[in-house]
Each structure stands twice: as structure tokens, then as C-alpha cells.
Amino acid sequence: MASTTPIEWTDATWNPVTGCTKITRGCDFCYAERFSERFRGVPGHPFENGFDLKLRPERLAQPLSWRQPRRIFVNSMSDLFHKEVPRPFIDSVFDTMEAADWHTYQVLTKRSSLMVRYLRGRYGAGKAPPHIWLGVSVEDAKNAVRVKHLKTAAASVKFVSFEPLLATVGKIDLKGIDWAIVGGESGPGARPMAEEWAIGAIEQPWGGGTRKPRDQDVIRLKLS
Ligand code: SF4
Numbered sequence: 001m002a003s004t005t006p007i008e009w010t011d012a013t014w015n016p017v018t019g020c021t022k023i024t025r026g027c028d029f030c031y032a033e034r035f036s037e038r039f040r041g042v043p044g045h046p047f048e049n050g051f052d053l054k055l056r057p058e059r060l061a062q063p064l065s066w067r068q069p070r071r072i073f074v075n076s077m078s079d080l081f082h083k084e085v086p087r088p089f090i091d092s093v094f095d096t097m098e099a100a101d102w103h104t105y106q107v108l109t110k111r112s113s114l115m116v117r118y119l120r121g122r123y124g125a126g127k128a129p130p131h132i133w134l135g136v137s138v139e140d141a142k143n144a145v146r147v148k149h150l151k152t153a154a155a156s157v158k159f160v161s162f163e164p165l166l167a168t169v170g171k172i173d174l175k176g177i178d179w180a181i182v183g184g185e186s187g188p189g190a191r192p193m194a195e196e197w198a199i200g201a202i203e204q205p206w207g208g209g210t211r212k213p214r215d216q217d218v219i220r221l222k223l224s
């Protein structure tokens, strides 16, 4: 776990799973892959196996040892709802988040339908508690369906990350979504973000802000 992070919308990262596989064009220049693959083959390095999916049970209890409340991005180096992460392991991650309830957790996924199914199984007719935020990434209109999934999720706090924003997201009803993050792509080969895409993403029916975004700019918006 990293006690600090350059990510602007969180305080810390916690990675009980690392590694992933690409499922969408928002993954093309995945930072986690780029970082992990630098160390493939380095004996003894935590990323000796590069970006291959790896469960890290030894990290499951880490947030319990952080006494100071933090906003924690869960699995910045993976996707918790990847199909190869066994359900009992996801249960253990949620067990920790529920026990260490002085933190705020930000669980962000591109596997929105699997997240919805998991939450339904865990919470039934109830909801994840408000200190566990559930969110989806949306990079273009094609993948805006993830917002529809999120709206049905058994979550008390819901957020959308329009980052990296690669095209217009079209018209999306963001009612019921609590937070949005908007940002361009960064790193080698980064694709530019058109200003109108970002403005379009934040001028949805809930009437978000009008600040002009730039490439690689991250905007955090509290929607409700
Ligand atoms: S889902 Fe996230 S972690 Fe996985 S490859 Fe795509 S961008 Fe990377």
C-alpha cells in the first residue's frame, strides 16, 4: 500500500490485487500496466510477474493498521471485479473495508455489471455503507452504459470517473450519482482531450460546473 499518492482525488492507494487485462480502449495506455511491466523478470520484485493478475492476501489487513482516516483508492493497480478474482477474496476486501470504517474507500471498476452482481449478492436489499464508495470509469459514449449499471448498484455513494476522457460521452443522466471526476489521458502516447468533451461530461442534467478543463486536468465535482 502506498501511504501517499500523486492521484489528486485520493489520499492513499491499497492494492490487495495487482495486475489486470485490458477490456476497453480506455485501457490502451494503462498506467498500472506500464508501471508493472517495467519490473517483469526482476527477481524478488513485487512486480516480478509484471501485470499478471495476482492476489495479495498479505495486504488484506493493511487499512486496519492505518489509524489516521484516509480516502483510499482500492486497487489502483488492478480491477477488483476482474473475472479471475475469486468471490471469497472480494469478500475479504469488503470485510476489511467494513471493519476499518474510519477510512473512506473508493472502489473504481470498468467491470460494472460484475460489480452490480457482487453487491447484490453481498448486500441483498440493502446497500454498501456510505464510507465505501463504488464507481465506474467512462471514457466515451459507448461505455456510458457503465453509468446505467452503477445507478442500479447497491451502493450508498456512487461516483463516475470520466478519465481518461477519449471522446464525447453523449447525454447521460447523472441523477443519483454523487461525485464525478473528469480528466484527460497522461503519460507516453497520451491522446488529447477536447475541451468540449469535458464540458459535455460536466454539463449533464444535474447542472455541473462550467470551469474550462484542459488536457490532463482533473476536475472533482460533488454532485449532491
Ligand atoms: S481495467 Fe483498469 S487496471 Fe485493468 S487494464 Fe484497464 S485501465 Fe488497467
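Numbering (the working numbering), first residue to last: 1 to 224. Note that CB positions come from ideal geometry on N, CA and C, so glycine has one too. All values derive from a computational prediction rather than experimental measurement.
For residue i, which residues from the same chain have a beta carbon less than 6 Å from its beta carbon, with the 5 sequence-adjacent residues on both sides left out?
{"i": "Asp215", "result": "Reliability of the predicted coordinates at Asp215 is poor, the pLDDT of 44 falling under 50, and the value obtained from them is presented with this limitation in mind. Closer than 6 Å at Cβ, skipping near neighbours: Gly184, Pro192 and Met193."}
{"i": "Ser224", "result": "Low per-residue confidence applies at Ser224: pLDDT is 47, beneath 50, and the placement is therefore not dependable enough to give any value."}
Closer than 8 Å by C-beta to residue i: which residues in its own chain qualify, once you throw out the five before and the five after it? Chain order, please.
{"i": "Ile90", "result": "Leu80, Phe81 and Tyr118"}
{"i": "Gly101", "result": "Note on identity: in this sequence residue 101 is Asp, with Gly being the wrong assignment. Excluding sequence neighbours, Asp101 sits near Pro129 and His131."}
Less than 7 Å between the CB of residue i and some heavy atom of the ligand SF4, yes or no?
{"i": "Lys142", "result": "no"}
{"i": "Ala32", "result": "yes"}
{"i": "Gly124", "result": "no"}
{"i": "Asp79", "result": "yes"}
{"i": "Lys83", "result": "no"}
{"i": "Thr21", "result": "yes"}
{"i": "Gly26", "result": "yes"}
{"i": "Lys110", "result": "yes"}
So, is residue i buried or exposed, given that buried needs 16 or more other C-beta atoms within 10 angstroms?
{"i": "Gly207", "result": "With a pLDDT of 44 at Gly207, under the threshold of 50, the modelled position of that residue is not reliable, and the figure given next carries that caveat. Exposed, by the Cβ-count rule."}
{"i": "Ser65", "result": "exposed"}
{"i": "Pro164", "result": "buried"}
{"i": "Gln68", "result": "exposed"}
{"i": "Arg70", "result": "buried"}
{"i": "Trp14", "result": "buried"}
{"i": "Asp270", "result": "Since the displayed the chain opens at 1 and closes at 224, residue 270 lies outside it and no answer follows."}
{"i": "Gly200", "result": "buried"}
Give me the DSSP bridge partner(s) of residue i.
{"i": "Phe35", "result": "None, per the DSSP bridge assignment."}
{"i": "Lys148", "result": "Lys148 is not bridged to any residue."}
{"i": "Ser137", "result": "Ser161"}
{"i": "Ser78", "result": "Gly19"}
Quick one: what's got a C-beta closer than 7 Å to residue i's C-beta in the same chain, skipping five residues either side?
{"i": "Ser112", "result": "Val136, Arg146, His149 and Leu150"}
{"i": "Asp217", "result": "Since pLDDT at Asp217 reaches only 47, below the 50 mark, its modelled position is unreliable, and the value read off the structure follows with that caveat. Excluding residues within five positions, the ones whose Cβ falls inside 7 Å are Gly183 and Gly184."}
{"i": "Gly170", "result": "Ala141 and Ala144"}
{"i": "Gly176", "result": "Lys151 and Lys158"}
Any Cβ of chain C within less than 8 Å of the Cβ of residue i?
{"i": "Val182", "result": "No chain C is part of this structure, which consists of one protein chain only."}
Worksheet entry | Cβ pair count under 8 Å reaching 3, the segment 152-169 against the segment 35-45 | no
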